[in-house]
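Undergrad:
Protein chains in written order, with the UniProt record's numbering: chain A, 1 to 399; chain B, 1 to 447.
1. How big is the Cα-Cα spacing for residue 21 of chain B and residue 196 of chain A?
2. Are the CB atoms of residue 448 of chain B and residue 296 of chain B nearer to each other than 8 Å?
3. In terms of residue numbering, what span does the beta strand (DSSP E) encompassing residue 73 of chain A cover?
4. Would a check of beta-carbon distances place residue 341 of chain A closer than 8 Å to chain B?
5. Taking 6 Å as the limit between beta carbons, can you name the residues of its chain near residue 6 of chain A, skipping five residues before and five after?
6. Residues in the same chain with beta-carbon distance under 7 Å from residue 294 of chain B, minus the five sequence neighbours each way, listed in chain order, please.
7. What residues in the stretch 128 to 158 of chain A bring their beta carbon closer than 9 Å to a beta carbon of chain B?
8. Check residue 433 of chain B in the structure and name its three-state DSSP category.
9. If I measure Cβ to Cβ from residue 142 of chain A and keep anything under 7 Å in the same chain, skipping five residues before and after, which residues do I get?
10. State buried or exposed for residue 159 of chain A, treating a residue as buried only when at least 16 other CB atoms are found within 10 Å of its CB.
11. Could you check what DSSP says for residue 331 of chain A in three-state terms: helix, strand or coil?
12. Does the CB of residue 318 of chain A have a neighbour CB from chain E at under 8 Å?
13. Please determine if the stretch 215 to 222 of chain B and the stretch 170 to 185 of chain B are in contact, where contact requires at least 3 C-beta pairs separated by less than 8 Å.
14. Per DSSP, which residues does residue 376 of chain B bridge with? Please list them.
15. So, with DSSP's three-state summary, where would you put residue 24 of chain B?
16. Quick one: what does DSSP say residue 465 of chain A is sitting in, helix, strand or coil?
17. Starting from residue 203 of chain B, follow the beta strand (DSSP E) in both directions and report where the run begins and ends.
18. Identify each residue in the stretch 48 to 60 of chain B for which the Cβ-Cβ distance to at least one residue of chain A is less than 7 Å, and report them in chain order.
19. Using a C-beta cutoff of 8 Å, does residue 436 of chain B count as contacting chain A?
20. Quick one: Cα of residue 64 of chain B to Cα of residue 345 of chain B, how far?
21. Checking the sheet assignment: what are the DSSP bridge partners for residue 43 of chain B?
22. Whose C-alpha, out of B:141, B:229 and B:290, is nearest the C-alpha of residue 119 of chain B?
23. Cβ of residue 272 of chain A less than 8 Å from any chain B Cβ?
24. Suppose you measure from the CA of residue 9 of chain A to the CA of residue 3 of chain A; what does that come to, to the nearest Å?
25. Since I believe residue 98 of chain A is in contact with residue 84 of chain A (beta carbons under 8 Å), could you give me their beta-carbon distance rounded to a whole number of angstroms?
26. Given this structure, state the Cα-to-Cα distance separating residue 359 of chain B from residue 136 of chain B, to the nearest angstrom.
27. What do you get for residue 244 of chain B, buried or exposed, if any count of 16 or more other CB atoms within 10 angstroms of its CB means buried?
28. Let me know if residue 354 of chain A comes out buried or exposed under the rule of 16 or more other beta-carbons within 10 Å of its beta-carbon.
29. Tell me, which residues are paired with residue 403 of chain B by DSSP?
30. Would you tell me roughly how many angstroms separate the C-alpha atoms of residue 356 of chain B and residue 86 of chain B, rounded to the nearest one?
31. Does the beta-carbon of residue 115 of chain A have 16 or more other beta-carbons within 10 angstroms, so that it is buried, or is it exposed?
32. Check for me: the alpha helix (DSSP H) holding residue 141 of chain A runs from which residue to which?
33. If contacts are defined as beta-carbon pairs under 8 Å, then residue 132 of chain B and residue 350 of chain B qualify, I think. What distance do you get, rounded to the angstrom?
34. I believe residue 46 of chain A touches residue 22 of chain A by the beta-carbon criterion, under 8 Å. Please report the beta-carbon distance rounded to the nearest angstrom.
35. The alpha helix (DSSP H) with residue 202 of chain A in it runs from where to where?
36. Please list, in chain order, the chain B residues whose beta carbon lies closer than 7 Å to that of residue 42 of chain A.
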C-alpha cells in the first residue's frame with residue numbers, strides 16, 4: 001500500500017499510531033502524583049520529540065545509508081530556523097511559507113557545503129563539515145548579528161513589517177505563529193479521572209510532517225537510489241570501478257538530509273518563534289549523531305527512538321533537583337536518606353549528561369545496532385519458539 | 001496491504017472509549033482565572049531557570065541558593081531575611097496570598113534555546129506562574145520574549161546588557177539588576193578622579209550583544225569627560241588566551257585598557273594583561289591602568305591577585321552596611337556558610353518583589369502584578385531607595401563602584417567599595433539612544 005511493502009507499511013502504521021496517540025502514551029501518570037515528574041506529554045517536549053525525530057531521520061539518510069558522517073548538520077537546522085523567523089518577521093505569521101523557505105534555504109546551504117565537503121570522504125569529510133558548521137555558528141553569533149540577532153538570537157518585534165499579516169495584535173502584542181488562524185500554541189486539554197492529556201495544535205502539525213518525512217525515508221531506503229547509497233557505504237572503490245560516479249548520489253543524499261534538517265529547523269521556529277545561534281553549534285551537530293547511533297544507524301525507526309530518548313533525558317532528568325530527591329526518599333531514616341540522595345544526585349539534575357553518557361556507552365558496547373537491536377532481541381526472546389526465518393525485511397542496521 | 005487488522009468489534013470498542021473520553025468534563029487550567037496557569041487554593045509554583053552547566057554555572061548555583069532561601073522566607077521559614085527590612089510590609093511569611101510557595105528548577109545551559117525549552121516545560125508541565133533567573137543577557141532576552149508570548153511574568157536575574165530593558169524590553173518582563181549604561185555613568189566620574197581626564201583608552205570587547213552595549217556605554221561616558229578612544233577590538237567569546245590581543249595594546253599609544261569581558265573571559269584577559277606587565281607599564285608619561293566595567297565576586301575570585309587596585313562596577317556587594325544587606329548576608333551565611341554574590345542578591349530581591357507585587361495587587365494575574373510593579377518605589381532591599389520604572393521595567397538605584405582589594409582579609413573579601421553612585425546620576429530617559437528601538441507592548445495575561 002502507498003508503494004510500500006507489507007512490513008514497511010505496518011511500521012508506518014505503528015509510527016502513525018504512536019505519534020497520534022502520543023499525548024496518551026507520554027502521560028501515563030496521573031497529574032499531581034509523585035510520578036507525574038516523569039510525564040513527558042506536554043506540548044513543548046512532544047514537539048521536540050517529533051522535530052528532532054525529523055532531524056534524525058534526515059541525518060540517517062546520509063549517515064545510515066552512505067556512511068558519510070557529517071558533524072555539521074546543525075548548521076542546516078539553524079539556517080532553516082533563521083529563514084523561518086525571517087518569514088515571520090517579513091511576510092506573515094502563517095507557518096507554511098516559513099516552513100517552505102526553511103527547507104529551501106537549508107537545501108541551498110547544504111548544496112554549497114556538500115559540494116565542497118564531499119570532495120573528501122571519511123574523517124576528512126567529517127572535519128570539513130564540522131569546520132563549516134563552526135564557521136556558520138561563529139558568523140551567526142557575532143559577525144552576522146544584524147541578520148541573526150547574534151547571541152540574543154533572532155526574535156520577533158512589534159514593529160516587524162509582516163506585509164501579509166498584522167504587525168501586532170489588537171491588544172498590542174506580537175502575533176503568534178499559526179496555520180490559517182489555528183495557533184500553534186493552542187491546546188485542548190482532556191481530563192480523564194486524575195489524568196490530564198494535552199492535545200496541542202503545533203504538535204499535531206509537526207507530527208504530520210514527521211509521518212510524511214518518515215514515509216519519504218522508507219521510500220528512499222527501498223528505492224534503487226537507496227541501494228546506490230548503500231553501495232557507496234559498502235565499497236565506494238568498487239562502485240567507481242564499475243563506472244558509477246558516486247558523488248552525485250552522495251551530494252543528493254547530503255542535500256536531502258540537509259532539507260530534512262531545514263524542515264526540522266522551520267518547525268522548531270514555528271513552535272517557538274526564536275532562532276538562536278546555539279542551534280548551529282557543534283554540540284548540536286554531535287547530538288544528532290548520538291541520536292542516530294543510540295537508536296540504531298541505518299534502521300528506519302531507530303533515529304526517531306534515539307531522538308526521543310535524548311530529549312527525554314534532557315528535559316525530564318535535568319529537572320529533578322535535590323529537593324525532589326529528598327521527597328522521594330523521605331521514608332528512609334535521615335542519615336540513610338542523605339546518603340542515598342548524595343549517591344543518586346550526581347546522575348540526575350545537572351548531571352543528566354552523565355547518565356546519558358552511561359546509557360550511550362552501554363548501548364554502543366552491548367547493542368551496537370542501537371535501541372532497535374535491543375527491541376529485536378527482546379522480541380526474539382519472546383518468540384523463541386518460532387523458527388528464526390521469514391524476516392527478510394526486518395529493520396536491521398545496514399552495516 | 002490486503003488484509004485489514006480492524007475488526008468490527010475493535011472499531012466499536014475504540015469508538016466507545018474515545019467518545020466517553022470526550023464526553024467527560026473538560027479541564028482547562030488556563031480559563032480558571034482568565035490568565036495562564038492560575039494557581040489553585042493551596043499552592044503556587046514559581047520557575048527558577050538558571051544555568052546549572054556551562055560557563056556561568058557558578059553564578060547559577062548561587063542564584064539557586066538565593067531562590068531557595070527566598071522561598072523559605074516567603075513560606076515563613078528561617079529568619080525572614082530582607083522581608084523584615086523591606087519597606088513594603090505586605091508579605092507576612094504565609095506564602096503568597098496564603099498559598100504555599102513551591103518551585104521547579106531548570107537548566108538554561110546559558111543557551112537561549114535550552115533556556116526557552118526549560119521555561120516552556122515549567123509553564124506547560126509544571127504550571128509555573130512566574131519564571132525568573134538567567135545569568136546572561138541573551139538568555140534573559142529570549143526567556144523574556146517567551147514569557148510575554150505565554151502570558152507569564154518574567155523577573156530577570158543577572159542580565160547587564162542594555163537590550164534587556166532597551167531594544168528587547170517586554171511588558172511582562174522586569175529587571176532589578178543594573179545595566180551597561182549605569183556602569184558607564186557610575187564609573188566615569190571615579191575614573192576621572194583617579195586617572196584624570198587626559199587619557200587614551202583601548203577597548204577589548206567580547207564579541208556579542210552584552211559586549212557591544214557595555215563598550216558603547218563606557219566609551220560614551222568616558223569620552224564625555226574628555227578621554228579619547230584609541231581603538232576598539234572585538235574578541236571571540238570562546239577565546240581563552242588573550243595574549244595576541246594584549247600585545248598590541250602597549251604600542252597603540254593608549255594608557256588605559258578597558259576589558260569589556262565577563263566571567264571566564266575577564267579572568268583570562270585580565271590575567272594575560274597583568275602577565276604582560278601592563279600594570280607596571282608607563283604610557284604617555286602616566287601609569288598604565290586597567291578597567292573592568294562589570295565586576296563580580298566570583299570573577300574576582302577567579303582572577304586572584306590580579307584584580308588588586310582595578311576599578312569596576314557592581315550591582316551589590318555583601319559588605320554593604322545597610323540593614324537590608326546585612327539581614328540578607330546573615331540569613332544566606334547561616335544557611336550556606338558563605339556570603340552571597342550579587343547574582344544571588346538580585347534573584348532573591350526579584351522573588352520578594354514579585355511576591356510583594358502579587359500580594360499588593362491581590363491577584364496572580366500578570367497584568368495586575370505588572371501594574372503593581374510599575375513605578376513602585378521601595379527601600380530596604382540592599383540598594384537604598386529604588387524605583388521600578390514603568391516605562392521600561394528597569395530598576396533605578398544606587399550603583400557601586402568597586403576596586404580590587406589590596407589586602408583581602410579572606411577569600412570572600414576581594415572587592416572594596418570605592419563609591420556608591422547615587423541613583424540620580426545613573427538615571428537616563430527611557431528614550432535614551434543606547435536604549436532606542438523596541439517597544440514594551442502591552443501586558444499579556446495569556447489564555
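Positions of the beta carbon are idealized from the N, C-alpha and C atoms, including for glycine. All figures in this text were calculated on a predicted structure; none of them were measured in a lab.
TA: On the basis of the data shown:
1. Its pLDDT being 44, under 50, residue 21 of chain B is placed unreliably in this model, and the coordinates cannot settle the point.
2. Outside the modelled stretch of chain B, which goes from 1 to 447, sits residue 448 of chain B, for which no answer is possible.
3. Counted as a single uninterrupted DSSP element, the stretch harbouring residue 73 of chain A is not any beta strand (DSSP E), since DSSP gives it neither H nor E.
4. Taking Cβ atoms only, chain B never reaches closer than 8 Å to residue 341 of chain A, which makes this a no.
5. Sequence-distant partners of residue 6 of chain A (beyond 5 residues in either direction) whose C-beta falls short of 6 Å from its own C-beta are missing from its chain.
6. If we look at residue 294 of chain B and ignore the five residues flanking it on each side, its Cβ neighbours are 160, 183, 214, 262, 312 and 313.
7. From the stretch 128 to 158 of chain A, only 138, 141, 142, 143, 145, 149, 150, 151, 152, 153, 155, 156, 157 and 158 have a Cβ closer than 9 Å to chain B.
8. Residue 433 of chain B falls in the helix class under three-state DSSP.
9. Cβ neighbours of residue 142 of chain A beyond the five flanking positions: 150.
10. The residue in question, residue 159 of chain A, is exposed, as its Cβ has fewer than 16 Cβ neighbours within 10 Å.
11. Coil.
12. The structure shown contains no chain E; the protein chains it does contain are A and B.
13. Touching, yes.
14. Answer is B:388.
15. Below a pLDDT of 50, predicted positions are generally treated as unreliable, and residue 24 of chain B, at 41, falls in that range; no measurement from the model is reported.
16. Past the boundaries of the shown model lies residue 465 of chain A; chain A is included only from 1 to 399, so the question cannot be answered.
17. Per DSSP, the unbroken beta strand (DSSP E) holding residue 203 of chain B starts and ends at 200 to 206.
18. The residues in question are 52 and 53.
19. For residue 436 of chain B, no CB of chain A lies under 8 Å from its own CB, so it is not counted at the interface with that chain.
20. Taking the straight line joining both Cα atoms gives about 11 Å.
21. For residue 43 of chain B, the pairing in a beta bridge is given by DSSP as B:100.
22. Between residue 119 of chain B and the set B:141, B:229 and B:290, the nearest pair of CA atoms involves B:141.
23. Yes, residue 272 of chain A lies at the interface with chain B (some Cβ there is under 8 Å from its Cβ).
24. Distance between residue 9 of chain A and residue 3 of chain A, taken at the CA atoms: about 9 Å.
25. Cβ-Cβ separation between residue 84 of chain A and residue 98 of chain A: approximately 4 Å, consistent with a contact (criterion under 8 Å).
26. If I take the Cα positions, the gap works out to 29 Å.
27. It is exposed - the Cβ of residue 244 of chain B has fewer than 16 other Cβ atoms within 10 Å.
28. With fewer than 16 other CB atoms across the displayed protein chains lying within 10 angstroms of its CB, residue 354 of chain A is exposed.
29. DSSP output for residue 403 of chain B lists B:311 and B:416 as bridge partner(s).
30. Cα to Cα, the separation comes out at about 10 Å.
31. Exposed, because fewer than 16 other Cβ atoms sit within 10 Å of the Cβ of residue 115 of chain A.
32. If you look at residue 141 of chain A, you'll find it isn't in any alpha helix (DSSP H); DSSP assigns it neither H nor E.
33. About 6 Å; that satisfies the 8 Å criterion.
34. Their Cβ separation, rounded to whole angstroms, is 6 Å, which keeps residue 46 of chain A and residue 22 of chain A in contact under 8 Å.
35. Following the DSSP letters along the chain, one finds residue 202 of chain A inside the alpha helix (DSSP H) bounded by residues 201 to 222.
36. Residues of chain B with a Cβ closer than 7 Å to the Cβ of residue 42 of chain A are, in chain order, 121, 124 and 125.
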